[in-house]
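Novice: From first to last, the protein sequence lines are chains A and B. Numbering that gives the first Met the number 0 applies: residue 0 is where the first sequence begins, and numbers increase by one. Numbering that gives the first Met the number 0 applies: residue 0 is where the second sequence begins, and numbers increase by one. Even for Gly, the Cβ is constructed at its ideal location relative to N, Cα and C. If you're wondering where the values come from, they're calculated on a predicted model, not measured in any experiment.
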Amino acid sequence: MKYKGRTIIYRLIAAIVLLASFFHALPAVTEAADKPAHILVVYPEEADHINGDDGPAALARVIVSLGYECDYLEAENAREHISEYEQVIWCATAESERLDPTMLNGYKGHLLVLGDAYGLENVGLYCPSTTRKSISGAASYSFYDDIVFSSSVPLLHPGLFEDADYTAGNLETANGPLPLVSARGDRRYIALCDYTSEFAKAVLMQEISSWLWPYDSKMHVYTEYIVLDEVYPYTDLDRLTEVVEYLTDNHISFVISVMPIYQNSDYPAMQRFCEILRFAQSSDGAVILHAPIVQNGLDAEQLAQQLTIGTMSYIDNGVYPLAIEIPSEWIFSKDITSLLGRYRTVFLADMDAFPNHPVDSYSCSDFLKLGSQRIQPALKLDDDGISHLGRCSTAVYLNMAELTDDELYSAINAAKNAPIPMQTLWTMDEVVYMNEDHYLNWNGSTLIVDGEQRFHTYTPSVPESETDHDYKRDSYYRIVANLSNQNHFLIGLSIVVLLTFLLLIRRSRKQMHDRFLHKKTNKEVKDV
Amino acid sequence: MSAADVISIYAIAAIWSMMVLNVILSIGGYIYIYRCNKTDGHIPMDPEAYPMVSILVPAHNEALVLERTVKALLNFDYPEDKYEVIIINDNSTDNTVEIMSQLASVYPSKKLICISTDNVVGGTGKSNALNIGFSVAKGSVIAIYDADNTPEKGALRLLVENLMADDKLGAVIGKFRTRNRNASILSRFVNIETLSHQCMNQAGRFFFFKLCTIPGTNYVIRRSIIEQVGGWDVKALSEDTEISFRIYRMGYYIKLLPQAVTWEQEPHLLPIWFRQRVRWAKGNVYVMIKNFKYTFDREAGPMRMDTVYYALIYSIMLTSLVASDIIFLGGMLGMIHVKLGGFSPALWGMAILVFVANVMLTLSLEKNEFNIESLGLVFLMLFTYAKLWVIVVVKAIWDSTMDAIFKREVKWDKTVRYVEEGDKK
């Protein structure tokens, strides 16, 4: 009996070890397949000083959007390191300075050449023109279906792979038509040398994703989010209700980015606002917290405190912000990075707001290593401001305060009809860690707040009326309220006083005139 | 709500309340002076009925300005045999005695008396000098002039006629103007301040409450009153304000007569001005503390208005201005952040305009004062001269507190005179 028992135990242990080794090995395999590319961007020295929208900085922002790790080196510094990288982007965008094509001799990895193709026969590129100068051309590209987008683009000696196995887009130049993109194997060429326009960014995003896609299958299509941006409790609640009802009636997933509230979260106005938010989050909507407006420099500790108070003011009203929206620039602040790591999903707003970062810093962002889901602002390819690329998760930010009803519903409908899927945040795992006392965890089915289960179902309630609410105002608050109301009254009173004074002054001057000047005149007449 | 917000509310409420009060007083004062300007101020009397008047002039080292003053006093159009001029040469170390002797020889028919005191009897301040002068005065009406005054010829007659016309009047005060207004920008500010905040304010208080504060010069008072109150309070640095309150309590009124004008020399240098104003403020604080108890005494009559008024000026007004200045400076330095909403910058602009219009209203009732130059000066003084008032009062309160703690004797700080351009010639 003992023998049999030991055998069973040994077999069980062996089975557990085998299973454990299997599960341990599984992530390793997956990790190897999903290992993000580490790219070397080689750029001309002159471009280093640009750091503007038309230099490598603009390219860097596209690469950041796609989530790839990059190193950026000027041509001379890159010479010895090119062979160390499996992916190289040859960024030949400066007209006055040429990159030395011999640097690429013998390079076997993935190569993406941007802009100037002249002299790159060694990598298989061919240039129809013999004069190296800036020209312009009409570029066209189809991002999805048969819809073609066109744009006039600057060019610098465009070329192509002669025996290309892949081409995309078209380029009309004075020297004749060319493909905008051509590729042979792991080597790809894009004729764009200016990345300022939304069109150029979209092409780069599409082609870099495709260039680095390791599988034969179709590329993964990322989701798009409609975000009602910067919504305050004092917004037009009737309008907000109409928009939310329109979205839910049409089963359109959406996100409401609410501004943080630090005090008076029990006021009737806040209750009514949260009533709408609770309704929204019970159906196709989700709520995220918009970052506080920072005016006097970022202070991580203060920001953490603000975010905690701001989030809890909504949670106390049954609204559960699942993520955060921040200005994109924050991802380069080392102080803020650890704070952002407390969120599973981070919405980035205004990607063009950080044009002055040295290009090297784009690879330094620790934020990229956090693994948080980043949601980029959608590129504005069409009039509705929607790109429909699907190369990364994107957000279509709609600010109700700035848009008319027509503009708002037009953008919503365009997003709805786009081929990119829309998804609610409730289908994903979300974590919001505020501090050791307050956290929110949504695992796709259960919502836990501070260790207690909560529900995001909607039960209608009757918000307290403003007159019934006990505002708990002390005498100072009452004085403030009274003083605020007195502003116009006091200005009016001042105007009345001023007019009265002016009338009195006029009268007294007449009296003085009669007393002195008039007498003098009479005397003068008498003298005469 | 932060502390800065609370202080802001206090400052806003206090400043606007004081401004409204000032506007009301100005309108009352305007009406009163406007009416006065329609007459010459005289109330005809039987020539024989003019009472004997003793003019008291305390003088401590005032030789530089005294000659002009005495000449003006001796040239009053008041019946020559009905007034005497008593100069109290209060422990002077200059040549006041010689000047008096010369003037006595020039005006042999006039009653000019010079009493000299030493450092034992005199030299302790204006109140003491007045009490000494009063002890030899023969008049049933006492007139007081400072040693730097040049009263207009008819001033005394106007004051006496008005005093004798109404038994309820304890004293009648005239208006004083700045003789040396063009000496410096400071004296220009003082000239505007004298007209607006002293004369107009007095007129407003008299219009509404029959209250005026004796200004220390160019006034007449019944001898019987001084005898009843036991003379001037030697502890008071502003003996004029102090005796005003005692006159109120006796049930008398004090009347302002703007036609009775005296011209006086005002400080033209900041240190001199500062010492004079600190002395005034200390004196007023003393009077306020001494009389504040009557605020709650129903039998005190209209004087309660003045005790409240002084309390408002030296407590509410002072603290609110200090608070607003601190918040303003703190805000500029980024150290204080007021989150209080509701008040627009336009309102502050209106407050400034009301202040300026208020002053210009006063100047409009004066000859040769209402002009663009004055307008510019008023704007300038709002941000410069008016701010000095806060420093003056804070210094006065500090000194008064130290005097009380260390039981220091109150010292009379004499205003330093100078020879004006006209006198040099």
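1. With the cut-off set at 9 Å, would you say A/Ser252 and A/Thr423 are in Cβ contact?
2. Within this structure, are the beta carbons of A/Thr344 and A/Leu321 separated by less than 9 Å?
3. Compare the beta carbon distance of A/Phe198 and A/Leu388 with 9 Å and say whether it is the shorter of the two.
4. Counting only the same chain and skipping the five closest in sequence on each side, list residues whose C-beta sits under 8 Å from that of B/Val228.
5. Quick check on B/Lys366 - is its C-beta less than 9 Å from some C-beta in chain A?
6. Pull out every residue of the stretch 14–37 of chain B whose Cβ sits closer than 7 Å to any Cβ of chain A, in chain order.
7. For A/Lys200, count neighbouring C-beta atoms within 10 Å of its own C-beta (all shown protein chains included) and say buried if the count is 16 or more, exposed if not.
8. Output, in chain order, the set of chain A residues within a Cβ distance shorter than 8 Å of B/Met359.
9. When you check each C-beta in the stretch 133–156 of chain A against every C-beta of chain B, which residues fall closer than 8 Å?
10. I'd like to know whether the C-beta atoms of B/Trp262 and B/Phe175 end up nearer to each other than 9 Å.
11. Identify whether A/Asn169 lies in helix, strand or coil by the three-state DSSP scheme.
12. Between the C-alpha atoms of B/Ala395 and B/Val415, what's the straight-line distance to the nearest angstrom?
13. Are the C-beta atoms of B/Val337 and some chain A residue less than 9 Å apart?
14. Which word fits B/His59, buried or exposed, when buried means at least 16 other C-beta atoms lie within 10 angstroms of its C-beta?
15. So, with DSSP's three-state summary, where would you put B/Glu365?
16. Short check: CB of B/Tyr29 to CB of B/Ala259, under 9 Å?
17. Quick one: Cα of B/Leu157 to Cα of B/Pro257, how far?
18. Which residues of chain A have a Cβ atom closer than 8 Å to the Cβ of B/Leu352, listed in chain order?
19. Is A/His532 helix, strand or coil by DSSP?
20. Short of 6 Å in beta carbon distance, which residues of its chain neighbour B/Tyr49, apart from the five on each side in sequence? Order them along the chain.
21. Alpha carbon to alpha carbon, how far is A/Ala57 from A/Pro354? Give it in angstroms, no decimals.
22. Starting from A/Leu72, trace the alpha helix (DSSP H) in both directions and tell me its first and last residue.
23. If we cut at 9 Å on Cβ distances, does B/Ala345 have a partner in chain A?
24. So which of B/Leu194, B/Lys167, B/Val171 has the shortest CA-CA distance to B/Arg180?
25. With a threshold of 9 Å between beta carbons, is A/Gln510 in contact with chain B?
26. Among B/Leu185, B/Asn190, B/Ala350, B/Lys167, which has the Cα closest to the Cα of B/Phe369?
27. For B/Asn181, does the three-state DSSP call read helix, strand or coil?
28. Quick one: Cα of B/Tyr309 to Cα of B/Asp165, how far?
29. Just the Cα atoms here: how many angstroms apart are A/Ser493 and B/Cys35?
30. Is the CB of B/Asn200 under 9 Å away from at least one CB in chain A?
31. Can you tell me whether B/Leu328 is buried or exposed, with buried defined as 16 or more other CB within 10 angstroms of its CB?
32. List, in order along the chain, the chain A residues whose C-beta lies closer than 8 Å to that of B/Ser363?
33. In the DSSP assignment, find the beta strand (DSSP E) that holds B/Cys113 and state where it starts and stops.
34. Quick one: is B/Ala10 near chain A, going by C-beta distance under 9 Å?
35. Suppose contacts are defined by Cβ-Cβ distances below 9 Å. Is A/Val243 in contact with A/Phe278 by that definition?
36. Going along chain B in order, which residues have a C-beta closer than 9 Å to the C-beta of A/Ile488?
Specialist: In terms of the structure at hand:
1. The residue you call residue 252 of chain A lines up with position 253 of the first sequence. The residue you call residue 423 of chain A lines up with position 424 of the first sequence. Yes, Cβ-Cβ distance for A/Ser252 and A/Thr423 is below 9 Å.
2. Here residue 344 of chain A refers to the residue found at position 345 of the first sequence. Here residue 321 of chain A refers to the residue found at position 322 of the first sequence. Their beta carbons are under 9 Å apart, which means A/Thr344 touches A/Leu321 by this criterion.
3. Your numbering for residue 198 of chain A matches position 199 in the first sequence. Your numbering for residue 388 of chain A matches position 389 in the first sequence. Between A/Phe198 and A/Leu388, the CB-CB gap reaches or exceeds 9 Å.
4. Here residue 228 of chain B refers to the residue found at position 229 when the second sequence is read from its first residue. Once the five neighbours on either side are set aside, the close Cβ partners of B/Val228 are Ile242, Arg245, Ile246, Met249.
5. Within the second sequence, numbered from 1, the residue matching residue 366 of chain B stands at position 367. Yes, contact with chain A.
6. Trp15, Val22, Tyr29, Tyr33, Asn36
7. Locating residue 200 of chain A in the first sequence gives position 201, where the first residue counts as 1. Its Cβ being crowded by 16 or more others within 10 Å, A/Lys200 is buried.
8. One-based indexing of the second sequence puts residue 359 of chain B at position 360. From the beta-carbon of B/Met359, the residues of chain A found nearer than 8 Å are Phe500, Ile504.
9. none
10. In the second sequence, the residue the question calls residue 262 of chain B occupies position 263. In the second sequence, the residue the question calls residue 175 of chain B occupies position 176. Yes, the pair counts as a contact, with Cβ atoms nearer than the cut-off.
11. In the first sequence, residue 169 of chain A corresponds to position 170, counting from 1. Correct three-state label for A/Asn169: strand.
12. Looking up residue 395 of chain B in the second sequence gives position 396. Looking up residue 415 of chain B in the second sequence gives position 416. Each residue's CA atom was taken as its position, placing B/Ala395 and B/Val415 some 19 Å apart.
13. Numbered from 1 along the second sequence, position 338 holds the residue referred to as residue 337 of chain B. Answer no: the Cβ-Cβ gap between B/Val337 and chain A never drops below 9 Å.
14. Position 60 of the second sequence, counted from the start, is the residue given in the question as residue 59 of chain B. With 16 or more Cβ atoms within 10 Å of its Cβ, B/His59 is classed as buried.
15. Indexing the second sequence from 1 puts residue 365 of chain B at position 366. Three-state DSSP puts B/Glu365 in coil, outside helix and strand.
16. Within the second sequence, the letter at position 30 stands for residue 29 of chain B. Within the second sequence, the letter at position 260 stands for residue 259 of chain B. Their beta carbons are not under 9 Å apart, which means B/Tyr29 does not touch B/Ala259 by this criterion.
17. As a position in the second sequence, residue 157 of chain B is number 158, starting the count at 1. As a position in the second sequence, residue 257 of chain B is number 258, starting the count at 1. Between B/Leu157 and B/Pro257, the C-alpha separation is close to 10 Å.
18. Counted from its first residue, the second sequence places residue 352 of chain B at position 353. By Cβ distance, chain A contributes Ser493, Leu497.
19. Because chain A is modelled from 0 through 527, residue 532 of chain A falls outside the range shown and cannot be assessed.
20. Sequence index remark: in the second sequence, residue 49 of chain B carries index 50 (1-based). Only Pro78, Lys81 meet the Cβ criterion.
21. Position 355 of the first sequence, counting from 1, holds the residue named residue 354 of chain A. Position 58 of the first sequence, counting from 1, holds the residue named residue 57 of chain A. Legend: pLDDT at A/Pro354 = 49, less than 50; position of this residue unreliable, value from coordinates given subsequently. Approximately 8 Å, taken between the alpha carbons.
22. On the first sequence, residue 72 of chain A is found 73 positions in, with the first residue counted as 1. Where A/Leu72 is concerned, there is no enclosing alpha helix (DSSP H), although the beta strand (DSSP E) it sits in stretches over 68–73.
23. Here residue 345 of chain B is taken as the residue at index 346 of the second sequence, counted from 1. So, interface residue.
24. Along the second sequence, read from residue 1 onward, the residue named residue 180 of chain B stands at position 181. Of the candidates B/Leu194, B/Lys167, B/Val171, the one whose C-alpha sits nearest the C-alpha of B/Arg180 is B/Leu194.
25. Counting from 1 along the first sequence, the entry for residue 510 of chain A is found at position 511. Judged by the 9 Å Cβ criterion, A/Gln510 is in contact with chain B.
26. Against the second sequence, residue 369 of chain B aligns to sequence position 370. Ranking B/Leu185, B/Asn190, B/Ala350, B/Lys167 by Cα distance to B/Phe369 puts B/Asn190 first.
27. Counting from 1 along the second sequence, the entry for residue 181 of chain B is found at position 182. Coil, per DSSP.
28. The residue given as residue 309 of chain B occupies position 310 in the second sequence. The residue given as residue 165 of chain B occupies position 166 in the second sequence. Going by the C-alpha atoms only, they are around 27 Å apart.
29. One-based indexing of the first sequence puts residue 493 of chain A at position 494. One-based indexing of the second sequence puts residue 35 of chain B at position 36. Rounded to whole angstroms, the gap between the alpha carbons of A/Ser493 and B/Cys35 is 28 Å.
30. Start at 1 with the first residue of the second sequence, and residue 200 of chain B comes out as number 201. Judged by the 9 Å Cβ criterion, B/Asn200 is not in contact with chain A.
31. Taking the first residue of the second sequence as position 1, residue 328 of chain B is located at position 329. Exposed, since its Cβ has fewer than 16 Cβ neighbours within 10 Å.
32. Looking up residue 363 of chain B in the second sequence gives position 364. Leu503, Ile504, Ser507, Arg508, Met511, listed in chain order.
33. Along the second sequence, one-based indexing puts residue 113 of chain B at 114. B/Cys113 -> beta strand (DSSP E) spans 111–116.
34. Numbered from its first residue, the second sequence carries residue 10 of chain B at position 11. For B/Ala10, the answer is no, since every Cβ of chain A falls outside 9 Å of its Cβ.
35. The sequence position of residue 243 of chain A within the first sequence is 244, counting from 1. The sequence position of residue 278 of chain A within the first sequence is 279, counting from 1. Result yes, Cβ atoms of A/Val243 and A/Phe278 sit closer than 9 Å.
36. The residue you call residue 488 of chain A lines up with position 489 of the first sequence. Reading the sequence as shown, one finds Phe at residue 488 of chain A and not Ile. Simply none; closest approach about 10 Å.
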